[in-house]
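Enquirer: If you scroll down you'll find the structure; I have some questions about it.
Residue numbers (this note's numbering), protein chains in the order written: chain D, -8 to 299; chain W, 29 to 333.
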């Protein structure tokens, strides 16, 4: 992502004038015009409008009125909002640590054992399949009566578990479903990172008589860090936006146990059409995600590699 | 591992390595099994009738073999026949939803691929005022989560009168993708100028050079982007649910959600649901079967989205 350094402002102005008169400028704008229209219509203007909406009582019925920070005050007073946020954080904590550890393990296994494309392909297969299909598939696998998992449990002499039907296990089950879908994908990204670690580093470690475990902590993990941080940021952000799986399986239940923040926004914005209120929640979520990203980048110095 | 100067150490290291290797292979194979069994279970269930399935819920092979569930969810059987097979009685027309999914996905694919490469080429090769500033703005689009634009885009689609139309599902991703532009620009920057210069000397226009010289040599990166666009558009659920839930334009993911909520609580139509699920999974799996290596490489890039 090298953005060309701008020349000094003096020459820039004259170049700028020259370029306008040249045919290339018009042609270039013709090339980027469709993309620019798409960017402005469906991204830039909506992003600004979303921010403006959050200060109004827009509800698709009456004329929207500017109400200042009223939405934000109401949101912070709404215990359902705090519940949704808590449930979402609970999901992220159930999902990310286990998924990341498994993915690191899997990436190292692939890197050390086999370069076979088929192995990588099979492991990434769940990610190629729509969330909705994965959710349906696991709804069936986890069915209390006929589902395969409970069939196995009863065969082993254990009690049936109402995975998605019980408030205490529903969120863990959703996390498990998403770990199943994403672990191979995450491992593949980390695997790509592992491939960039020079072989000599491992040879050096072997000559020093380092064990596999020690090599992992002394060589692999530090050198993988930039990729790992990047993968963590994107998977945490993705995790906060969990919706599809819940929309298909629990619909926020049982007893609001899986009523995550996206579901909260969906409910206010698209079921009750409180667009202003919903936009305000979206803005808050955006701020939360932005803060998490910045903290992670700071903590991990992601842009520097230990390789240098 | 072969350190001749210290045979004792190398022997013990060798033994530790091979014992560890067996455990490691065991772990990898276990992960593969955990990945594949649920997928097999989906297929297995879709191949038996609900009655056969309930009679023998544990058998690893399909407890019966029929493609009737597929013809049923595709809407090829009458409502009475469907109900006899354990359907809820409401007509399900996955043939149409499958077609709708293809319409939306292929339209987005064609538009995004063409317009993104046009933009990317301009950012890589042409000089114009505000080039860097516009490109930087595009990059911010990569950072902002979709929820921020969801409600305003929904209101926009409504005010355009586009609710429950194909264009509502296609338009937002048809013209612009920050990731595709960013990715293709990187590739175009790496292309040797000489071929393009030769094209210009032959009197080709800038567009002619782009179309006849640059695009033909960009097969691999275009395929990468195409695969990623296909997967993300085909798998999308929330946006089509919001703007295209009506029967005529309903895509497969939305239809599966509705099918799931219509199936009776007490005795869900698992065979039918799994037949529908297999249909939804098919394009992704087929794509992998046909161009496995390309798909894997594409996904490794997708991390930089």
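Every residue gets a Cβ at the ideal spot worked out from N, C-alpha and C, and that includes glycine.
Compare the C-beta of residue 266 (chain W) against all C-beta atoms of chain D and say whether one is closer than 8 Å.
Expert: Numbered from 1 along the second chain, position 238 holds the residue referred to as residue 266 (chain W). At least one chain D Cβ lies under 8 Å of residue 266 (chain W).
Enquirer: When the Cα of residue 63 (chain W) is compared with those of D:60, D:111, D:37 and D:39, which residue comes out closest?
Expert: As a position in the second chain, residue 63 (chain W) is number 35, starting the count at 1. Comparing Cα positions, the closest option is D:111.
Enquirer: Report the partner residues of residue 47 (chain D) according to the DSSP bridge assignment.
Expert: The residue labelled residue 47 (chain D) in the question sits at position 56 within the first chain. DSSP output for residue 47 (chain D) lists D:57 as bridge partner(s).
Enquirer: Rounded to whole angstroms, what is the Cα-Cα separation between residue 147 (chain D) and residue 153 (chain D)?
Expert: Along the first chain, read from residue 1 onward, the residue named residue 147 (chain D) stands at position 156. Along the first chain, read from residue 1 onward, the residue named residue 153 (chain D) stands at position 162. Those two C-alpha atoms are separated by around 16 Å.
Enquirer: From the DSSP output, in three-state form, read off residue 88 (chain D) for me.
Expert: Counting from one through the first chain, the residue named residue 88 (chain D) turns up at place 97. Correct three-state label for residue 88 (chain D): helix.
Enquirer: I'd like to know whether the C-beta of residue 255 (chain D) is nearer than 8 Å to at least one C-beta of chain W.
Expert: Looking up residue 255 (chain D) in the first chain gives position 264. For residue 255 (chain D), no Cβ of chain W is located within less than 8 Å of the residue's own Cβ.
Enquirer: Note down, in chain order, every chain D residue with its Cβ under 8 Å from the Cβ of residue 131 (chain W).
Expert: On the second chain, position 103 is the one that residue 131 (chain W) refers to. Ordered by position in chain D, no residue passes the 8 Å Cβ test against residue 131 (chain W), which lies about 16 Å from the chain.
Enquirer: Compute the Euclidean distance between the alpha carbons of residue 74 (chain W) and residue 90 (chain W), then round it to the nearest angstrom.
Expert: As a working mapping, residue 74 (chain W) is identified with position 46 in the second chain. As a working mapping, residue 90 (chain W) is identified with position 62 in the second chain. Straight-line Cα distance between these residues: approximately 8 Å.
Enquirer: Could you check the C-alpha separation between residue 170 (chain W) and residue 207 (chain W) for me, to the nearest Å?
Expert: Numbered from 1 along the second chain, position 142 holds the residue referred to as residue 170 (chain W). Numbered from 1 along the second chain, position 179 holds the residue referred to as residue 207 (chain W). One C-alpha to the other measures close to 7 Å.
Enquirer: With 8 Å set as the bound, which would you pick, yes or no: does the beta-carbon of residue 261 (chain W) sit closer than that to a beta-carbon of chain D?
Expert: Here residue 261 (chain W) refers to the residue found at position 233 of the second chain. Cβ-Cβ to chain D under 8 Å: no for residue 261 (chain W).
Enquirer: Could you tell me whether any non-hydrogen atom of the ligand FMN is closer than 7 Å to the CB of residue 226 (chain D)?
Expert: The ligand FMN is absent from the structure shown, which contains no ligands of any kind.
Enquirer: Does the contact criterion of 3 or more C-beta pairs under 8 Å hold for the region 182 to 197 of chain D versus the region 118 to 133 of chain D?
Expert: no
Enquirer: Considering only residues of the same chain and omitting the five flanking positions on each side of residue 314 (chain W), which have a CB-CB separation below 8 Å?
Expert: Your numbering for residue 314 (chain W) matches position 286 in the second chain. So no residue of the chain qualifies.
Enquirer: State the DSSP-derived secondary structure class of residue 246 (chain D), mapped to helix, strand or coil.
Expert: For the purposes of this step, residue 246 (chain D) is identified with residue 255 of the first chain, where counting begins at 1. Three-state DSSP puts residue 246 (chain D) in coil, outside helix and strand.
Enquirer: How would you write the range of the alpha helix (DSSP H) that residue 177 (chain W) sits in, first residue to last?
Expert: One-based indexing of the second chain puts residue 177 (chain W) at position 149. Per DSSP, the unbroken alpha helix (DSSP H) holding residue 177 (chain W) starts and ends at 175 to 187.
Enquirer: Based on Cα-Cα distance, which residue from D:31, D:119, D:88 and D:52 lies nearest to residue 323 (chain W)?
Expert: Locating residue 323 (chain W) in the second chain gives position 295, where the first residue counts as 1. Cα-wise, what sits closest to residue 323 (chain W) is D:119.
Enquirer: At 7 Å on the CB atoms, spell out the chain D contacts of residue 184 (chain W), in chain order.
Expert: The sequence position of residue 184 (chain W) within the second chain is 156, counting from 1. Simply 37.
Enquirer: Once DSSP output is grouped into helix, strand and coil, what is the label at residue 92 (chain W)?
Expert: Position 64 of the second chain, counting from 1, holds the residue named residue 92 (chain W). Residue state, collapsed to three classes: coil.
Enquirer: Along the chain, which unbroken stretches of the alpha helix (DSSP H) at least 4 residues long are found entirely within the region 226 to 260 of chain W?
Expert: 234 to 237
Enquirer: Quick check on DSSP: helix, strand or coil for residue 134 (chain W)?
Expert: Counting from 1 along the second chain, the entry for residue 134 (chain W) is found at position 106. Residue 134 (chain W) falls in the helix class under three-state DSSP.
Enquirer: Can you list, in chain order, the residues of its chain with a C-beta nearer than 7 Å to that of residue 163 (chain D)? Leave out the 5 residues immediately preceding and following it.
Expert: Locating residue 163 (chain D) in the first chain gives position 172, where the first residue counts as 1. Non-local C-beta neighbours of residue 163 (chain D) in its own chain, meaning closer than 7 Å and more than five positions away in sequence, comprise 85, ordered along the chain.
Enquirer: When the cut-off is 8 Å and only beta carbons count, does residue 103 (chain D) lie next to chain W?
Expert: The residue given as residue 103 (chain D) occupies position 112 in the first chain. Yes, contact with chain W.
Enquirer: Hey, residue 26 (chain D) and residue 216 (chain W) are a contact pair by Cβ (cut 8 Å); roughly how many whole angstroms apart?
Expert: As a working note, residue 26 (chain D) is residue 35 in the first chain. As a working note, residue 216 (chain W) is residue 188 in the second chain. Actually they do not touch by this definition, with Cβ atoms about 14 Å apart.
Enquirer: Find out if the Cβ-Cβ distance for the pair residue 301 (chain D), residue 183 (chain D) is shorter than 8 Å.
Expert: Any question about residue 301 (chain D) goes unanswered here, given that chain D covers just -8 to 299.
Enquirer: Starting from residue 161 (chain W), trace the alpha helix (DSSP H) both ways and give me its first and last residue.
Expert: As a first step, residue 161 (chain W) is located in the second chain; it is residue number 133 there, counting from the start. Per DSSP, residue 161 (chain W) belongs to the alpha helix (DSSP H) from 159 to 171.
Enquirer: Under 8 Å by Cβ, that's how I've got residue 209 (chain D) and residue 197 (chain D) pegged, so tell me the actual separation to the nearest angstrom.
Expert: Residue mapping note: residue 209 (chain D) aligns to position 218 of the first chain, counting from 1. Residue mapping note: residue 197 (chain D) aligns to position 206 of the first chain, counting from 1. About 12 Å; that fails the 8 Å criterion.
Enquirer: Closer than 8 Å between beta carbons: that is the criterion. Which residues of the region 121 to 143 of chain D meet it against chain W?
Expert: 121, 122, 123, 124, 127, 128, 129, 130, 131, 132, 134, 137, 139 and 142
Enquirer: Where does residue 292 (chain W) fall in DSSP's three states?
Expert: In the second chain, counting from the first residue as 1, residue 292 (chain W) sits at position 264. Three-state result, residue 292 (chain W): coil.
Enquirer: Go ahead and pull the three-state DSSP assignment for residue 37 (chain D).
Expert: Sequence index remark: in the first chain, residue 37 (chain D) carries index 46 (1-based). Helix at residue 37 (chain D).
Enquirer: With C-beta atoms as the reference, is residue 238 (chain W) less than 8 Å away from residue 149 (chain W)?
Expert: If you number the second chain from 1, residue 238 (chain W) lands on position 210. If you number the second chain from 1, residue 149 (chain W) lands on position 121. Between residue 238 (chain W) and residue 149 (chain W), the C-beta gap is smaller than 8 Å, which places the two residues in contact.
Enquirer: Quick one: Cα of residue 151 (chain D) to Cα of residue 115 (chain D), how far?
Expert: Translated into positions along the first chain, residue 151 (chain D) becomes position 160. Translated into positions along the first chain, residue 115 (chain D) becomes position 124. In a straight line, the C-alpha of residue 151 (chain D) is about 30 Å away from that of residue 115 (chain D).
Enquirer: Quick one: Cα of residue 117 (chain D) to Cα of residue 190 (chain W), how far?
Expert: Residue mapping note: residue 117 (chain D) aligns to position 126 of the first chain, counting from 1. Residue mapping note: residue 190 (chain W) aligns to position 162 of the second chain, counting from 1. In a straight line, the C-alpha of residue 117 (chain D) is about 33 Å away from that of residue 190 (chain W).
Enquirer: Quick test of your reading: residue 37 (chain D) and residue 181 (chain W), contact by CB under 8 Å. State the CB separation rounded to the nearest angstrom.
Expert: Residue numbering aside, residue 37 (chain D) sits at position 46 when the first chain is read from its first letter. Residue numbering aside, residue 181 (chain W) sits at position 153 when the second chain is read from its first letter. Rounded, the Cβ-Cβ distance is 5 Å, consistent with contact.
Enquirer: Does the distance from the CB of residue 303 (chain W) to the CB of residue 98 (chain W) come in under 8 Å?
Expert: By 1-based counting over the second chain, the position of residue 303 (chain W) is 275. By 1-based counting over the second chain, the position of residue 98 (chain W) is 70. Taking 8 Å as the Cβ cut-off, residue 303 (chain W) and residue 98 (chain W) qualify as a contacting pair.
Enquirer: Give a yes or no on whether the minimum CB-CB distance between residue 328 (chain W) and chain D is below 8 Å.
Expert: As a working mapping, residue 328 (chain W) is identified with position 300 in the second chain. Yes, because at least one Cβ of chain D sits closer than 8 Å to the Cβ of residue 328 (chain W).
Enquirer: Give a yes or no on contact between the region 131 to 142 of chain W and the region 246 to 263 of chain W, applying the rule of three or more CB pairs nearer than 8 Å.
Expert: Cβ pair count under 8 Å is three or more, so yes.
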